[in-house]
């Protein structure tokens with residue numbers, strides 16, 4: 006049957022589009038006169054105050070990214086897939102000529118180019134963990150390093166460009182600093198393997214190499230149990246590059262001025278004047294001769310380390326300018342809530358040995374090559390600061406003039422090809438599950454002429470990646486509008502229509518836990534006199550009958566809602582209550598289900614067995630585990646329910662706590678009840694409930710629950726998708742593609758779970774008849790199994806023993 010769907014093709018029309026809505030990256034010109042942006046797949050330069058905004062690449066069908074300005078200001082290096090594969094390009098800073106391709110042999114994702122200060126070389130890395138150096142004059146390419154673990158991102162050139170510092174990870178997961186030298190082509194490891202060292206940056210004067218390292222061994226203490234968490238461990242350190250270099254933070258001492266000698270301030274002023282004159286003379290001399298590469302005494306370099314006198318914290322974004330260090334400090338990370346401390350940019354005065362806050366609440370910054378200016382992102386705004394303490398009055402950079410001439414069909418073709426490459430480059434096994442990925446790409450690429458909307462493209466891509474027979478293959482988002490769902494001022498209750506009276510009644514009020522914002526149930530709040538069975542006669546003064554829909558009257562309402570309630574369907578004696586609405590009842594319905602299960606288990610076992618449900622292995626899941634596990638630590642048995650678990654990444658944290666074995670007990674002065682060693686350990690029998698919708702980390706949890714011997718698995722075989730995903734970078738229009746990156750394996754290396762899931766030890770089906778009748782056969786069987794184990798092998802903590810007598 007031939008089907009024709011007429012379409013005006015509105016989404017296919019070329020148009021000028023504001024690129025500032027899709028900014029990926031930003032940098033500065035060498036002296037900070039213009040800003041450099043990558044947005045909507047093009048490279049732009051933007052004036053700080055005056056002048057035109059320039060689109061240097063104008064490539065609707067290519068994804069240009071990672072743009073960096075050359076030290077002399079003439080060129081800009083960037084990465085682009087203009088040829089269908091990512092290569093390194095150069096373009097004139099004014100856009101007067103077409104971009105020039107510097108490489109042509111790469112078949113993988115490339116990362117940001119970094120210019121050597123003399124402009125002779127460009128360093129960049131790739132997805133395979135290889136660090137490359139390209140000589141600009143002859144296009145010569147040299148492989149500097151190839152890490153077997155992870156990728157290399159933190160490469161930095163020394164003054165004058167003679168050395169390249171970077172970090173690579175060891176098998177233990179800790180990184181060490183390496184230096185490649187242009188003069189002899191050697192790569193040398195310069196720090197040890199017992200601490201994590203990374204983010205090297207060079208002192209502009211060539212005396213020190215600064216870096217970050219986790220060397221503060223005073224951990225944070227958990228409030229839940231006697232356990233630790235590493236936090237605020239990162240310090241800033243300096244390596245003295247030569248044996249004749251002084252300790253930058255040696256002890257200071259105030260000394261007496263003798264006789265009629267000049268005062269300290271006078272001496273300092275004379276020295277400063279003399280130094281400025283010498284610097285000016287040296288600068289003139291330096292301009293006339295090539296700058297020599299920095300000399301490094303590699304022998305004993307790791308031992309010539311000094312700690313910058315800044316208290317350890319969570320640091321990143323380290324940079325060095327003349328006389329100062331810059332770094333970003335972030336607050337302690339939490340799972341499920343934001344840190345109360347916003348990221349802040351600090352500046353450390355090396356002479357005064359003092360740190361001060363420069364910018365609060367930022368989302369990254371870029372430093373000009375001369376170290377004088379900072380371009381800071383704060384929310385969606387970009388501001389230029391002086392790179393000095395107490396810098397004020399920043400200049401806001403106008404980004405609204407960045408425009409692209411968007412051709413949707415060209416963008417869609419580029420996005421399709423980039424997603425295809427992402428799977429080729431990042432898929433967790435090279436054989437693509439045995440499929441001919443080249444042929445599959447060609448097969449689905451034929452559908453591109455029929456794509457008329459970004460959602461069409463997502464559909465085509467979804468079908469292509471689904472061919473790989475893998476879970477976690479997702480494509481989402483992109484440049485199309487989804488109408489916002491209207492808010493409805495929900496009461497946390499269920500209405501039912503009374504056909505006899507023509508009125509609605511409150512059939513159920515969700516119990517809620519009002520002390521927790523996520524589980525606030527409006528009609529159970531203090532002072533809200535609403536009861537199950539009440540008739541709802543009016544909402545906000547508008548009469549309500551079954552001829553209308555109560556949710557229509559609550560739609561688009563955000564203020565507190567007034568309900569007119571009565572125990573009878575007439576207005577005589579009615580009362581008005583006011584509630585503060587919620588805008589989703591999902592969590593309230595979920596909590597009611599959990600509480601029903603908890604009550605059922607408690608009643609069926611006489612309080613001997615506990616119950617908890619873990620909805621996912623993310624923020625909600627860890628919160629529910631903490632909420633319900635610790636209060637039930639002294640039960641004789643426990644049903645751990647991971648049915649419909651949506652996955653995440655905290656299964657190993659939960660399993661570690663469930664697997665805590667009681668090694669001993671403790672009695673003392675303040676309690677006749679025994680404590681345990683370790684202090685928090687469940688001493689009882691367990692069972693785990695699983696279902697067809699237990700997924701991802703919800704597959705992994707029951708697999709290792711059984712491997713640890715914690716108890717039987719009861720229910721139905723799980724989903725079977727355990728190859729983990731992560732972002733691999735945004736697409737040009739803000740869309741996202743997730744590539745399965747890491748599979749699960751047994752201790753001996755076999756692939757496990759993917760495509761099959763985890764089989765239960767005891768298969769129980771929650772059939773429709775039982776569910777309609779209000780039963781849960783899987784939960785019933787779990788209770789029976791735990792009780793059987795309790796009877797067969799009781800696990801109880803001992804009574805207090807007789808006091809020891811030590812007089813004999």
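In our numbering, the protein residues as written are 6 to 813.
Backbone N, C-alpha and C define an ideal beta-carbon position, used for all residues, glycine too.
If you compare alpha carbons, which of the options is closest to residue i?
{"i": "residue 203", "options": "263, 324, 98 and 230", "result": "324"}
{"i": "residue 133", "options": "147, 708 and 151", "result": "151"}
{"i": "residue 28", "options": "810, 764 and 734", "result": "734"}
{"i": "residue 37", "options": "720, 399 and 542", "result": "399"}
{"i": "residue 409", "options": "48, 32, 805 and 799", "result": "48"}
{"i": "residue 686", "options": "634, 729, 250 and 262", "result": "634"}
{"i": "residue 491", "options": "200, 326, 691 and 556", "result": "556"}
{"i": "residue 550", "options": "537, 535 and 570", "result": "570"}
{"i": "residue 362", "options": "603, 335, 640 and 343", "result": "335"}
{"i": "residue 179", "options": "167, 209, 261 and 220", "result": "220"}
{"i": "residue 1", "options": "745, 716 and 800", "result": "Look at the range of the chain in this structure, 6 to 813, and you will see that residue 1 is not part of it."}
{"i": "residue 137", "options": "161, 149 and 144", "result": "149"}
{"i": "residue 108", "options": "627, 101, 129 and 309", "result": "129"}
{"i": "residue 95", "options": "51, 142, 66 and 131", "result": "142"}
{"i": "residue 383", "options": "31, 300, 64 and 614", "result": "31"}
{"i": "residue 511", "options": "413, 529 and 522", "result": "529"}
{"i": "residue 519", "options": "454, 587 and 603", "result": "587"}
{"i": "residue 725", "options": "715, 731 and 760", "result": "760"}
In the DSSP assignment, what are the bridge partners of residue i?
{"i": "residue 795", "result": "In the DSSP output, where bridge partners are listed per residue, residue 795 has none listed."}
{"i": "residue 354", "result": "329 and 359"}
{"i": "residue 219", "result": "239"}
{"i": "residue 86", "result": "Answer is none; residue 86 lacks a bridge partner."}
{"i": "residue 691", "result": "643"}
{"i": "residue 173", "result": "181"}
{"i": "residue 231", "result": "Per DSSP, none; premise fails for residue 231."}
{"i": "residue 499", "result": "513"}
{"i": "residue 386", "result": "383"}
{"i": "residue 186", "result": "168"}
{"i": "residue 543", "result": "548 and 569"}
{"i": "residue 744", "result": "731"}
{"i": "residue 841", "result": "This structure cannot settle anything about residue 841, because the visible part of the chain is limited to 6 through 813."}
{"i": "residue 814", "result": "Nothing about residue 814 can be reported from this structure: the residues present for the chain run from 6 to 813 only."}
{"i": "residue 245", "result": "213"}
{"i": "residue 33", "result": "40"}
{"i": "residue 717", "result": "BP columns for residue 717 are empty, so no partner."}
{"i": "residue 319", "result": "335"}
Please return the same chain residues whose Cβ sits closer than 6 Å to the Cβ of residue i, not counting the five positions on each side in sequence.
{"i": "residue 599", "result": "618"}
{"i": "residue 515", "result": "497, 526, 593 and 597"}
{"i": "residue 349", "result": "334, 362 and 365"}
{"i": "residue 172", "result": "159, 180, 182 and 203"}
{"i": "residue 794", "result": "690"}
{"i": "residue 235", "result": "224"}
{"i": "residue 420", "result": "736"}
{"i": "residue 318", "result": "237 and 334"}
Within its chain, find whatever has a CB closer than 8 Å to the CB of residue i; leave out the 5 residues flanking it on each side and keep chain order.
{"i": "residue 53", "result": "37, 38, 39, 40, 389, 400 and 402"}
Please return the same chain residues whose Cβ sits closer than 7 Å to the Cβ of residue i, not counting the five positions on each side in sequence.
{"i": "residue 25", "result": "44, 404, 405 and 407"}
{"i": "residue 452", "result": "465"}
{"i": "residue 768", "result": "721"}
{"i": "residue 186", "result": "167 and 168"}
{"i": "residue 396", "result": "363 and 390"}
Length-filtered (4 minimum) alpha helix (DSSP H) runs lying within the region 88–153
none
Report the residue ranges of all beta strand (DSSP E) runs contained in full by the region 549–624; include only those spanning at least 3 residues, in chain order.
566–571, 580–584 and 614–618
At 4 residues or longer, and completely inside the region 50–78: list those alpha helix (DSSP H) runs for me, N to C.
none
Counting only runs that start and end within the region 404–491, where is the alpha helix (DSSP H) found for 4 or more residues in a row?
413–431, 442–450 and 459–471
Contact between the region 717–728 and the region 685–704 (3+ Cβ pairs under 8 Å):
yes
So, do the region 729–745 and the region 660–674 have three or more beta carbon pairs nearer to each other than 8 Å?
no
Quick check: the region 503–521 against the region 481–489, are at least 3 beta-carbon pairs closer than 8 Å?
The region 481–489, when compared against the region 503–521, does not touch it at the 8 Å Cβ threshold.
Decide yes or no for the touch test of the region 575–582 against the region 530–549: beta carbon pairs closer than 8 Å, at least 3 of them.
Flag = yes, the region 575–582 and the region 530–549 touch.
Would you be able to state if there are at least three C-beta pairs under 8 Å between the region 102–119 and the region 420–434?
yes
Flag this pair as touching only if the region 241–251 and the region 214–231 have three or more C-beta atom pairs under 8 Å; answer yes or no.
yes
Pairs of beta-carbons, one from the region 121–129 and one from the region 71–86, closer than 8 Å: are there three or more?
yes
Is the region 94–109 close to the region 774–790, with three or more CB pairs under 8 Å?
no
On the three-pair Cβ rule with 8 Å, is the region 622–629 touching the region 646–658?
yes
Would you check if the region 784–800 and the region 630–647 touch, i.e. whether three or more CB-CB distances between them fall below 8 Å?
yes
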